[in-house]
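Under mature numbering (1 follows the signal peptide of the UniProt record, and there is no 0), the letters of the sequence shown match residues -16 to -1, 1 to 136, in that order. Before any comments, here is the structure.
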Amino acid sequence: MKCLLILLLSLAVCLAMRDQSIAVKGRLLCGDKPAANVRIKLWEEDSGPDPDDLLEAGYTDSNGEFQLSGGEAELTPIDPIFKVYHDCDDKYLPGHRKVKFLIPKSYITQGKVPKKTFDLGVLNLETIFPKEERELIVSRRRRHHQKFFDEE
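Take a look at the structure:
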């Protein structure tokens, strides 16, 4: 009887999980020049024991433009975070400046493919953002994403 109860409870949790997706786009500048080849990541941050999920990662193009999207199956609404790792106005300090942007929940859509895209707009990375962090350990290996090569 306990096994049947556990099985039914597990099935109920699986059925309650729902696919959710998010997309973000924009353009990054460093002063008056495009912030080309800047590492960017789209995360789904979780509180509690569930680890954060990387939805997509990439780099800005030669014009500083980017577009990332991804999704996750969760019981509750996802918490999308866009992260930028850069050296704008910071060439001589170790590591990279790390800036996080919360994406409004109104841009979360049901399903595996986003139906709306949050446009971050044009952002000058010379700005000093509140709660800015520093990433000191950086992989020198660039991970290529086919999506960006198709656009170039």
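Every residue, glycine too, gets a C-beta built ideally from N, C-alpha and C. Quick caveat, the model's predicted, so the values are computed rather than measured.
What are the start and end residues of the beta strand (DSSP E) that includes CYS14?
2 to 14
Using 8 Å as the Cβ pair cut-off and three pairs as the minimum, do the stretch 71 to 81 and the stretch 48 to 57 touch?
Output reads no: the stretch 48 to 57 does not touch the stretch 71 to 81.
With three or more C-beta pairs closer than 8 Å as the rule, is the stretch 20 to 27 touching the stretch 57 to 75?
yes
Could you check whether the Cβ of PRO114 sits closer than 9 Å to any Cβ belonging to chain D?
Here there is only one protein chain, and chain D is not present.
On a Cα-Cα basis, can you pick out the residue from LEU107, ASP36, ALA20 and LYS100 that is closest to SER5?
LYS100
Proximity of GLY10 and ASP103 at Cβ, strictly below 9 Å
Their beta carbons are under 9 Å apart, which means GLY10 touches ASP103 by this criterion.
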